[in-house]
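Participant:
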Amino acid sequence: MTETTVDGIPTLFARREDGQYAGGIVFRVGWADETLAVRGLTHLVEHLALHGVAARDVHHNGETHALHTHLYASGTAEQVVRVLNGVCAALCDLPVDRLETEKEVLRAEARGRGGAGSSMAGMRHGARGHGLSSYAELGLANVDAGLTVMWANEAFSRDNAVLWLSGESMPEGLSLTLPEGERQSLPPVTDVLGPTPAYYLDGSEDVVHVTAVVPRSCRAMLFTELLSRALFADLRQRDGLGYSASATYRVRDAEHAVVAVVADCLPERRGAAVGAVVDTLARLRWGSVPADELEEVRAAALAAVATSRTLPHTGLPARALEMLLGREPDDPAVLEDELRAVTADDVRAAAEDFHATALAQVPELGLEWAGWAAAPVSSDTAVDGTGYASLAADGPTLVVGDDGLTLRSDRGRSTVHFDRVAAMLAYADGGRSLLGEDGFHVAVEPTLLALDEDVVARIDAAVDPARVVRRPAREAASLPRPAGHSPEAAGPPAGQGAGEPLAPSSPLLRRLWRAARGR
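See below:
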């Protein structure tokens with residue numbers, strides 16, 4: 001693997017002998033850099049950049065992740081060059097006439113997403129940064145051509161990118177005309193969860209899902225493989241509780257990884273599945289680690305390192321991302337030494353790391369019996385102000401204060417402070433839905449509450465315009481009514497505070513905030 005520069009872009013190149021070429025550009029921008037009110041903006045730029053590339057004869061695609069966006073192609077040298085040149089040209093002159101069409105494409109794509117544990121990031125991080133994966137791309141409704149072009153110019157620059165290429169030789173004809181810019185800083189990692197290990201109930205899925213944030217290390221990788229084997233052996237092969245049970249290790253940033261457990265179960269075996277997952281985790285923390293299994297997962301990891309030595313082009317996209325994250329590349333020899341040095345005690349220590357930050361979504365039973373804390377389902381703060389009763393006899397009360405809103409009932413309370421609004425959906429029919437940065441939600445529905453005439457106007461005046469998502473009026477038949485629907489007084493679990501307001505957290509977001517306020 002060699003490093004060079006192409007049109008001002010740091011470039012990685014690796015030779016390959018199979019006659020194929022591949023290449024891609026990785027940018028240090030992703031959905032974690034957005035605000036909830038413009039959620040989907042980076043994904044939209046990715047789609048627009050690829051639309052104008054006339055490459056039906058070559059495999060090409062794009063991916064938007066938390067911290068990076070990857071545009072890539074494979075085929076002949078000429079095909080790869082054509083795609084990369086076309087993508088860069090499109091980023092400099094986005095086909096904004098396609099804006100509304102691509103928004104519809106993204107909405108269709110979103111219908112196929114979701115799945116087990118999709119709410120977990122929001123539970124841990126709130127409605128910003130890494131927590132945004134739990135939320136729909138609701139910002140697409142208000143994103144206009146000006147915001148989209150601004151985001152492309154600021155975030156998709158040559159100073160915020162790494163190019164990677166593989167083939168028999170460096171391909172000729174590259175013309176990657178990207179604007180000058182700056183390397184974007186990483187978004188802050190927020191934590192609204194509180195004490196861990198923690199859990200919350202979600203009876204809508206017959207799945208046990210557990211995530212934990214651990215230091216990146218060889219011991220954590222081997223622990224994850226051993227955990228995956230143990231879960232499959234215990235839950236499927238031994239007990240027949242479900243079809244699949246596994247654990248995965250995913251890099252989050254330069255220092256941390258996310259280990260995720262997913263175990264499905266039969267509806268009538270929910271409680272047994274919860275207990276089995278906890279028991280399997282406990283065995284790896286405190287029990288013996290079978291020597292033969294440790295050697296098997298170690299051998300597989302060493303084989304992967306050996307492959308990266310003989311086929312270096314396979315690791316180019318990951319290496320490009322590491323450069324953007326500011327992490328030095330792993331030396332294969334050092335990596336092999338670290339893998340060989342992992343002991344059973346190291347595996348148990350990695351299991352403790354997992355347990356210390358674990359968050360579980362369970363379909364029933366709860367986990368207090370195992371010493372896990374229940375994630376909060378009620379805000380720990382409330383505003384002072386004027387109370388407005390529900391039109392239903394047993395409905396919640398809305399309190400409107402100078403600094404925010406609280407919706408309270410006998411089941412709990414949900415508070416959103418005006419200076420910590422992640423997004424407010426403003427319906428033309430007068431309804432308002434405010435989501436706080438900590439994930440709590442307050443719905444203000446004139447059809448459900450005995451409101452003064454000026455309440456909605458006061459709320460609108462208090463919320464930053466850059467956080468407002470305009471929505472059309474809903475059909476009269478779909479408006480909530482006291483007899484059949486009332487706003488809930490509890491939103492997603494949150495911790496002991498939402499952190500600092502989102503707008504000033506990075507230079508890129510500050511520019512986005514100013515542009516959004518001027519819409």
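Residue numbering for the sequence shown follows UniProt numbering, starting at 1 and increasing by one per position.
Each residue gets a CB set at the ideal place from its N, CA and C atoms; glycine is no exception.
Can you tell me which of Asn142, Ala375, Glu172 puts its alpha carbon nearest to the alpha carbon of glycine 126?
Facilitator: On the sequence shown, residue 126 is found 126 positions in, with the first residue counted as 1. That would be Ala375, whose Cα lies nearest to the Cα of glycine 126.
Participant: In terms of residues, what are the limits of the beta strand (DSSP E) holding arginine 471?
Facilitator: Numbered from its first residue, the sequence shown carries residue 471 at position 471. Residues 468 to 471.
Participant: With burial defined as no fewer than 16 other Cβ atoms inside 10 Å of the residue's Cβ, what is the status of tyrosine 199: buried or exposed?
Facilitator: Within the sequence shown, numbered from 1, the residue matching residue 199 stands at position 199. Burial call: buried.
Participant: When the distance is taken between beta carbons, is proline 179 closer than 8 Å to serine 157?
Facilitator: Taking the first residue of the sequence shown as 1, we reach residue 157 at position 157. Taking the first residue of the sequence shown as 1, we reach residue 179 at position 179. Yes, the pair counts as a contact, with Cβ atoms nearer than the cut-off.
Participant: Quick one: what does DSSP say alanine 198 is sitting in, helix, strand or coil?
Facilitator: Position 198 of the sequence shown, counted from the first residue, corresponds to residue 198. When DSSP states are grouped into helix, strand and coil, alanine 198 belongs to the strand group.
Participant: Please list the terminal residues of the continuous alpha helix (DSSP H) segment that includes asparagine 61.
Facilitator: Taking the first residue of the sequence shown as 1, we reach residue 61 at position 61. From DSSP, asparagine 61 is part of no alpha helix (DSSP H) but of the beta strand (DSSP E) over 59 to 64.
Participant: Roughly how many angstroms separate the alpha carbons of valine 80 and glycine 431, rounded to a whole number?
Facilitator: The count along the sequence shown starts at 1 and reaches residue 80 at position 80. The count along the sequence shown starts at 1 and reaches residue 431 at position 431. Near 49 Å, if we compare the C-alpha coordinates of glycine 431 and valine 80.
Participant: I'd like to know if the segment 87 to 107 and the segment 142 to 149 are in contact, where contact means that at least 3 CB-CB pairs between them fall below 8 Å.
Facilitator: yes
Participant: Using only CA atoms, which one of Arg270, Arg327, Asp345 lies nearest to serine 288?
Facilitator: One-based indexing of the sequence shown puts residue 288 at position 288. Here the closest residue by C-alpha is Asp345.
Participant: Short check: CB of alanine 152 to CB of arginine 216, under 8 Å?
Facilitator: Position 152 of the sequence shown, counted from the first residue, corresponds to residue 152. Position 216 of the sequence shown, counted from the first residue, corresponds to residue 216. Cβ distance not < 8 Å, so alanine 152 and arginine 216 don't count as in contact.
Participant: Quick one: what does DSSP say valine 6 is sitting in, helix, strand or coil?
Facilitator: In the sequence shown, the residue the question calls residue 6 occupies position 6. Strand, per DSSP.
Participant: Just to confirm the assignment, what range does the alpha helix (DSSP H) spanning methionine 424 have?
Facilitator: To locate residue 424, count along the sequence shown from 1; it is residue 424. Per DSSP, methionine 424 belongs to no alpha helix (DSSP H); it is in the beta strand (DSSP E), 421 to 427.
Participant: Since threonine 415 sits in a beta bridge, which residues does DSSP pair it with?
Facilitator: The residue given as residue 415 occupies position 415 in the sequence shown. Partner residues in the beta bridge of threonine 415, as assigned by DSSP, are Thr406.
Participant: By the 10 Å Cβ neighbour count, where 16 or more other Cβ atoms means buried, how is residue 524 classified, buried or exposed?
Facilitator: This structure cannot settle anything about residue 524, because the visible part of the chain is limited to 1 through 519.
Participant: What's the C-alpha gap between alanine 161 and proline 480?
Facilitator: Position 161 of the sequence shown, counting from 1, holds the residue named residue 161. Position 480 of the sequence shown, counting from 1, holds the residue named residue 480. Computed Cα separation, rounded: 47 Å.
Participant: Is leucine 266 buried or exposed, if buried means 16 or more other CB atoms sit within 10 Å of its CB?
Facilitator: Along the sequence shown, read from residue 1 onward, the residue named residue 266 stands at position 266. By the Cβ neighbour-count rule, leucine 266 is exposed, with fewer than 16 other Cβ atoms within 10 Å of its own.
Participant: Within the present structure, is the beta-carbon of glutamate 338 separated from the nearest heavy atom of the ligand HEM by less than 7 Å?
Facilitator: This structure simply doesn't include the ligand HEM, nor any ligand for that matter.
Participant: Could you tell me which whole beta strand (DSSP E) segments of length 3 or greater appear in the segment 309 to 397?
Facilitator: 359 to 362, 386 to 388
Participant: Tell me where the alpha helix (DSSP H) around valine 456 begins and ends.
Facilitator: To locate residue 456, count along the sequence shown from 1; it is residue 456. Note, valine 456: alpha helix (DSSP H), 455 to 462.
Participant: Using the rule of at least 16 other Cβ atoms within 10 Å of the residue's Cβ for burial, across every protein chain shown, is aspartate 438 buried or exposed?
Facilitator: Here the question's residue 438 lines up with position 438 in the sequence shown. Buried, by the Cβ-count rule.
Participant: For the candidate residues Asp454, Phe440, Asp464, whose alpha-carbon lies nearest to that of alanine 131?
Facilitator: If you number the sequence shown from 1, residue 131 lands on position 131. Sequence inspection shows glycine at residue 131; the alanine mentioned does not correspond to that position. Minimum Cα distance to glycine 131 is reached at Phe440.
Participant: If we ignore side chains and look at the alpha-carbon of each, how far apart do threonine 307 and serine 166 end up?
Facilitator: Here residue 307 refers to the residue found at position 307 when the sequence shown is read from its first residue. Here residue 166 refers to the residue found at position 166 when the sequence shown is read from its first residue. Approximately 16 Å, taken between the alpha carbons.
Participant: Mind checking which residues open and close the beta strand (DSSP E) that includes aspartate 206?
Facilitator: Translated into positions along the sequence shown, residue 206 becomes position 206. That residue, aspartate 206, is in no beta strand (DSSP E); it is neither H nor E in DSSP.
Participant: Please name the residue in Glu154, Leu201, Glu172 whose C-alpha comes closest to that of serine 185.
Facilitator: The residue given as residue 185 occupies position 185 in the sequence shown. Residue Glu154 is the option with its Cα nearest to serine 185.
Participant: May I ask you to report which of helix, strand or coil DSSP gives arginine 432?
Facilitator: Numbered from its first residue, the sequence shown carries residue 432 at position 432. Looking at arginine 432 - three-state DSSP - the assignment turns out to be strand.
Participant: What's the call for histidine 59, buried or exposed, on a 16-neighbour Cβ count within 10 Å?
Facilitator: Looking up residue 59 in the sequence shown gives position 59. It counts as exposed.
Participant: Take leucine 235 and list the residues in its own chain whose beta-carbon comes closer than 8 Å to its own, dropping the five residues that flank it on each side.
Facilitator: Here residue 235 corresponds to residue number 235 of the sequence shown, with the count starting at 1. Excluding sequence neighbours, leucine 235 sits near Leu241, Gly242, Ala245, Ala263, Cys265, Ala273, Ala276, Val277, Thr280.
Participant: Should alanine 466 go down as buried or exposed, given a rule of 16 or more other Cβ atoms within 10 Å for buried?
Facilitator: On the sequence shown, position 466 is the one that residue 466 refers to. When all chains shown are included, alanine 466 counts as buried.
Participant: Is glycine 75 helix, strand or coil when you go by DSSP?
Facilitator: Your numbering for residue 75 matches position 75 in the sequence shown. If DSSP states are grouped into helix, strand and coil, glycine 75 belongs with the strands.
Participant: Nearest by alpha-carbon distance to arginine 285: which of Val342, His355, Arg98, Glu268 is it?
Facilitator: In the sequence shown, counting from the first residue as 1, residue 285 sits at position 285. Nearest of Val342, His355, Arg98, Glu268 to arginine 285, Cα basis: His355.
Participant: Where does arginine 238 land, buried or exposed, given buried means 16+ other C-beta within 10 angstroms?
Facilitator: As a first step, residue 238 must be located in the sequence shown, where it is residue number 238. By the neighbour-count rule (16 or more Cβ atoms within 10 Å), arginine 238 is not buried but exposed.
Participant: How do the segment 61 to 71 and the segment 15 to 31 stand: do at least 3 beta-carbon pairs fall below 8 Å, yes or no?
Facilitator: yes
Participant: At 4 residues or longer, and completely inside the segment 223 to 273: list those alpha helix (DSSP H) runs for me, N to C.
Facilitator: With a minimum length of 4 residues, no continuous alpha helix (DSSP H) run stays inside the segment 223 to 273.
Participant: Quick one: grab the DSSP three-state call for arginine 111.
Facilitator: On the sequence shown, position 111 is the one that residue 111 refers to. In the structure shown, arginine 111 sits in coil (DSSP, three-state: anything other than H, G, I, E or B).
Participant: Straight-line CA distance for tyrosine 72 to serine 478?
Facilitator: Walking along the sequence shown from the start, residue 72 turns up at place 72. Walking along the sequence shown from the start, residue 478 turns up at place 478. Approximately 43 Å between the Cα atoms of the pair.
Participant: Classify arginine 458: buried if its beta carbon has 16 or more other beta carbons within 10 angstroms, exposed otherwise.
Facilitator: Residue 458 sits at position 458 when you count from the first residue of the sequence shown. Its Cβ having fewer than 16 others within 10 Å, arginine 458 is exposed.
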